[in-house]
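Chains as they are written, first to last, in my numbering: chain S, 3 to 145; chain D, 3 to 145. Where is the CB? At the ideal position from N, CA and C, for every residue including glycine.
There are 2 protein chains.
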Amino acid sequence: MVIVKRTIFLYGLALAILVIIMRMIEYRFLVRDLTLEFYIGLVAMFFTGLGVWVGLRFTRKKVVIINPEFRFNEKEQTERGISKRELEVLELMAKGMANQEIADQLFVSLNTVKTHSSNLFSKLEVNRRTQAVQKAKKLNLIP
Amino acid sequence: MVIVKRTIFLYGLALAILVIIMRMIEYRFLVRDLTLEFYIGLVAMFFTGLGVWVGLRFTRKKVVIINPEFRFNEKEQTERGISKRELEVLELMAKGMANQEIADQLFVSLNTVKTHSSNLFSKLEVNRRTQAVQKAKKLNLIP
DNA sequence: CATCAAATCACCCGAAAGAATGAGTGGGAT
DNA sequence: ATCCCACTCATTCTTTCGGGTGATTTGATG
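Okay, structure coming up:
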């Protein structure tokens, strides 16, 4: 998981930078009394945001809700060679999301989403997202 | 959103407690040199965790139910002022047809179809055909 | 170790979709 | 007769899609 390593690295880097900034601010404002709370508040806010991002970034397993009688057709998926990622894209596509929105949701680039959807279309033998959603529903790949 | 308020409250509380703890530690260890980095590291870790938790907490799904048998919702149609022609376009749209195909099917021009779909989108409060189809199904305007 | 599939991202380009605006026509209602 | 409205179509412009191609990285598999 190089991406994990990279994230940890970035995390450490952010921490280091923050410490430096704090140090710089410290020498100028330590005389005042609000410093500690102020620092902590800043750090807390920043890392809360970071935490949210990290949390979402590595939590792609989501609980999607379904209509009562839906049985996922694993056979179709394997026979057509549809990957999990492609399925994820398909699901978001079925929600009416644009490629860019899907990209944001999955934390990947627009181009990646395009690649996935393109492969998906050929595997589903369609050439439009609306048709893909339709066919996927018919094949019980999505609820 | 009472749950959001509570979370904000807890957030503030955590912040306050942290400040207090920091203060307490401060008076005992400020003499040493590791303090600032140490503090920041602690705060950062804590709030990163909190951020992850918050991020996950509010990213869980909502339930959508799909309807087995179809009863056309006339009320929605009239309330939203959707015309018959717009409905026709909507139905063909739901079949995954492109605007040009719809135009050919209805013996009108491409521009006309675009106009209809545009009006349809605003009446359905969406801005993409996929979303329109979705919403129309939810509103029982199409099966 | 070599190989393969999955996932990621990039670049190009043409086609389709959508937003905004304006406008002409015909059928009902008043 | 006049007014309203659905329907029709056009033009312009911007954004999004989708096809095609190629590249890198990583995990798994043999």
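| said: Taking the beta carbon of Gln102(D) as the centre, do at least 16 other beta carbons fall within 10 Å, making it buried, or is it exposed? | reply: Taking the second sequence and counting its residues from 1, the one referred to as residue 102(D) is at position 100. Gln102(D) should be labelled exposed.
| query | If we ignore side chains and look at the alpha-carbon of each, how far apart do Asn129(D) and Asn75(S) end up? | reply | Along the second sequence, one-based indexing puts residue 129(D) at 127. Along the first sequence, one-based indexing puts residue 75(S) at 73. Taking the straight line joining both Cα atoms gives about 31 Å.
| task | Please confirm whether Arg131(S) and Thr132(D) have their CB atoms less than 8 Å apart. | result | Translated into the one-based positions of the first sequence, residue 131(S) becomes position 129. Translated into the one-based positions of the second sequence, residue 132(D) becomes position 130. Cβ distance < 8 Å, so Arg131(S) and Thr132(D) count as in contact.
| field | is_contact[Leu102(D), chain S] using C-beta, thresh 8 Å | value | Position 100 of the second sequence, counted from the start, is the residue given in the question as residue 102(D). The sequence given here has Gln at residue 102(D), not Leu. Not an interface residue.
| request: Compare the C-alpha of Val110(S) against each of Arg87(S), Ser120(S), Phe123(S) and name the closest. | output: Locating residue 110(S) in the first sequence gives position 108, counting from the first residue. The candidate whose alpha carbon is nearest that of Val110(S) is Arg87(S).
| query | Would you say Gln133(D) reaches chain S, if we count a Cβ-Cβ gap shorter than 8 Å as a contact? | reply | The residue you call residue 133(D) lines up with position 131 of the second sequence. Yes, contact with chain S.
| Taking Cβ-Cβ distances below 9 Å as the criterion, which residues of the stretch 106-136 of chain S are in contact with chain D? | Val128, Arg130, Arg131, Thr132, Gln133, Ala134, Val135, Gln136
| query | Under the three-state reduction of DSSP, which class applies to Ala123(D): helix, strand or coil? | reply | By 1-based counting over the second sequence, the position of residue 123(D) is 121. Here the sequence assigns Phe to residue 123(D), which means Ala is not the residue at that position. Correct three-state label for Phe123(D): helix.
| Considering only residues of the same chain and omitting the five flanking positions on each side of Ser119(S), which have a CB-CB separation below 6 Å? | Walking along the first sequence from the start, residue 119(S) turns up at place 117. So the qualifying residues of the chain are Val91.
| said: Counting only C-beta atoms, is Gly98(S) closer than 8 Å to chain D at any point? | reply: Residue mapping note: residue 98(S) aligns to position 96 of the first sequence, counting from 1. Cβ-Cβ to chain D under 8 Å: yes for Gly98(S).
| By Cβ distance, which residues of its chain are closer than 7 Å to Ile144(D), with the 5 residues on each side in sequence left out? | Looking up residue 144(D) in the second sequence gives position 142. Answer for Ile144(D): Leu92, Glu93, Ala96, Ala138, listed in chain order.
| task | Assign Gln136(D) to buried or exposed, taking buried as 16 or more other Cβ atoms, counted over all protein chains shown, within 10 Å of its Cβ. | result | For this step, residue 136(D) is matched to residue 134 along the second sequence. Label assigned to Gln136(D): buried.
| request: Compare the C-beta of Val6(D) with all C-beta atoms of chain S and state if any pair is closer than 8 Å. | output: Looking up residue 6(D) in the second sequence gives position 4. Annotation note: pLDDT 40 at Val6(D) (below 50); position unreliable, coordinate value reported separately. Val6(D) does not count as touching chain S.
| task | For Ile84(S), collect the residues of the same chain with a Cβ closer than 6 Å to its Cβ; drop the 5 residues on either side in sequence, then sort them by chain order. | result | Residue mapping note: residue 84(S) aligns to position 82 of the first sequence, counting from 1. Excluding residues within five positions, the ones whose Cβ falls inside 6 Å are Lys125.
| Cβ atoms of Glu78(S) and Asn142(S): under 8 Å apart, would you say? | The residue you call residue 142(S) lines up with position 140 of the first sequence. The residue you call residue 78(S) lines up with position 76 of the first sequence. It is a contact, given that the beta carbons lie within the stated cut-off.
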